[in-house]
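The structure appears below as structure tokens.
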Amino acid sequence: MGRWCQTVARGHSAGESLPIPTPPSVQCVPKATCPSSRPRLLWQTPTTQTLPSTTMETQFPVSEGKVDPYRSCGFSYEQDPTLRDPEGVARRWPWMVSVRANGTHICAGTIIASQWVLTVAHCLIRCDVIYSVRVGSPWIDQMTQTASDVPVLQVIMHSRYRAQRFWSWVGQANDIGLLKLKQELKYSNYVRPICLPGTDYVLKDHSRCTVTGWGLSKADGMWPQFRTIQEKEVIILNNKECDNFYHNFTKIPTLVRIIKSQMMCAEDTHREKFCYELTGEPLVCSMEGTWYLVGLVSWGAGCQKSEAPPIYLQVSSYQHWIWDCLNGQALALPAPSRTLLLALPLPLSLLAAL
Numbered sequence: 001m002g003r004w005c006q007t008v009a010r011g012h013s014a015g016e017s018l019p020i021p022t023p024p025s026v027q028c029v030p031k032a033t034c035p036s037s038r039p040r041l042l043w044q045t046p047t048t049q050t051l052p053s054t055t056m057e058t059q060f061p062v063s064e065g066k067v068d069p070y071r072s073c074g075f076s077y078e079q080d081p082t083l084r085d086p087e088g089v090a091r092r093w094p095w096m097v098s099v100r101a102n103g104t105h106i107c108a109g110t111i112i113a114s115q116w117v118l119t120v121a122h123c124l125i126r127c128d129v130i131y132s133v134r135v136g137s138p139w140i141d142q143m144t145q146t147a148s149d150v151p152v153l154q155v156i157m158h159s160r161y162r163a164q165r166f167w168s169w170v171g172q173a174n175d176i177g178l179l180k181l182k183q184e185l186k187y188s189n190y191v192r193p194i195c196l197p198g199t200d201y202v203l204k205d206h207s208r209c210t211v212t213g214w215g216l217s218k219a220d221g222m223w224p225q226f227r228t229i230q231e232k233e234v235i236i237l238n239n240k241e242c243d244n245f246y247h248n249f250t251k252i253p254t255l256v257r258i259i260k261s262q263m264m265c266a267e268d269t270h271r272e273k274f275c276y277e278l279t280g281e282p283l284v285c286s287m288e289g290t291w292y293l294v295g296l297v298s299w300g301a302g303c304q305k306s307e308a309p310p311i312y313l314q315v316s317s318y319q320h321w322i323w324d325c326l327n328g329q330a331l332a333l334p335a336p337s338r339t340l341l342l343a344l345p346l347p348l349s350l351l352a353a354l
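Going by UniProt numbering, the residue at position 113 of the sequence shown is 113; the numbering climbs one at a time, nothing skipped.
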């Protein structure tokens, strides 16, 4: 049946598992090679170095003021980091998505292809709701000329995700889900996909990356949910040190591994200003002008426990799962990395030359 895919068709509750494929375009296949008559990949130099030295080959330059249809992913159309106005922030993070249940924002999502959004599974377990996404807008509660609401056709959750765990909130594994949209997105300066890293993509400890999103909703008069997209720099921490910290913090026996290899840990300061611990915000890193999605905010001790760092799902650990579930949307790239660029359709003449 594939690599642990669980699908939920639109109109069914998220707790109900349906046979795959439903429809065939979301079939899970046993291998990562998923040829399609509608390819969406642009070739990228495989990564054999650690992440800070990764390079991307850009074959088509971007003309000033125009969207290059061949610049596939990870390109921000707002290069000035000092601009803080909502429109500028929306251009800086064009892959940001508001995942909505019955029209209300519940979590953040990230565009990885013209019809696919990646988010965390714990945001997709609600029953009897209609899911949709809002793209192209920095605002959480209003539409703009650049924004659109797109209904979700299908929800796919990792079949090994378990909402209920013995240790409550600690160690939430396989917290990943995909949303297939009812229609393809029209790319613009405000709507673009981000690049996914290869399976050998490695972040060095103490690398600096960015978390973006709207944060948690208001609770007890604290941790307000922002109306516009926020951004925050964080520092990647060593997983072993983070695991030791959480054992001391939770008093869970050391025989139980808390921070697994599919997770990431990042130091976060001033959390009273922007708390985002449970809402699927993307952790993105920039290499030579190209942005990569390296993590999704998954779980943590809570905003009031500022000494406990939030934990992220490590996207590179689930590359094969993503490839398998996006049947017809992914092609195998040269070994060893198969670095993934899910973007606009390319002419077949270009693909033949890859």
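Where a beta carbon is used, it is the ideal one built from N, C-alpha and C, also for glycine.
Let me know if residue i comes out buried or exposed under the rule of 16 or more other beta-carbons within 10 Å of its beta-carbon.
i, result
"E233", "exposed"
"H158", "buried"
"L83", "exposed"
"M143", "exposed"
"T212", "buried"
"Q115", "buried"
"H122", "buried"
"V97", "buried"
"T104", "exposed"
"A163", "exposed"
"C107", "buried"
Mind checking who residue i pairs with in its DSSP beta bridge?
i, result
"C127", "Per DSSP, none; premise fails for C127."
"L296", "P282, L313"
"E267", "I235"
"V152", "L181"
"I111", "V117"
"T210", "E233, V284"
Residues in the same chain with beta-carbon distance under 7 Å from residue i, minus the five sequence neighbours each way, listed in chain order, please.
i, result
"L153", "R10, K180, L181, K182"
"E184", "S114, Q115"
"G74", "I194, C195, T290, W291, Y292"
"L124", "A14, V155, M157, G177"
Pick out whichever of the options has its Cα sitting closest to the Cα of residue i.
i, options, result
"S298", "H320, C285, K260", "K260"
"V89", "I229, E288, W323, H105", "I229"
"V284", "P309, I252, R208", "R208"
"Y312", "T290, W323, E267", "E267"
"A147", "I106, F245, P94", "P94"
"V99", "G215, Y187, E288", "G215"
"R160", "Q262, T254, S286", "Q262"
"L255", "C107, C265, D243", "D243"
"W321", "T199, R257, S72, E78", "T199"
"P197", "S286, A163, N239", "S286"
So residue i and residue j are supposed to be a Cβ contact under 8 Å. How far apart are they, rounded?
i, j, result
"V315", "G295", "6 Å"
"V191", "V135", "5 Å"
"P86", "W139", "7 Å"
If you measure from the beta carbon of residue i to each beta carbon in chain C, is any gap under 8 Å?
i, result
"D243", "In the structure shown, chain C cannot be found, because there is only a single protein chain."
Skipping 5 residues on each side, what residues in its chain have a beta carbon closer than 6 Å to that of residue i?
i, result
"Y318", "I176"
"T50", "Note that T50 scores a pLDDT of 40, beneath 50, so its modelled location is shaky and nothing firm can be said."
Got a sec? Which residues, its chain only, sit under 8 Å from residue i by beta carbon, not counting five neighbours each side?
i, result
"S137", "A90, S98, M143, T144, T146, A147, Y190"
"P309", "L237, C242, F245, C265, A266, E267, D268, G300"
"Y131", "R10, V99, R100, A101, L124, P151, V152, V155, L179"
"N239", "I259, S261, M263, M264, C265"
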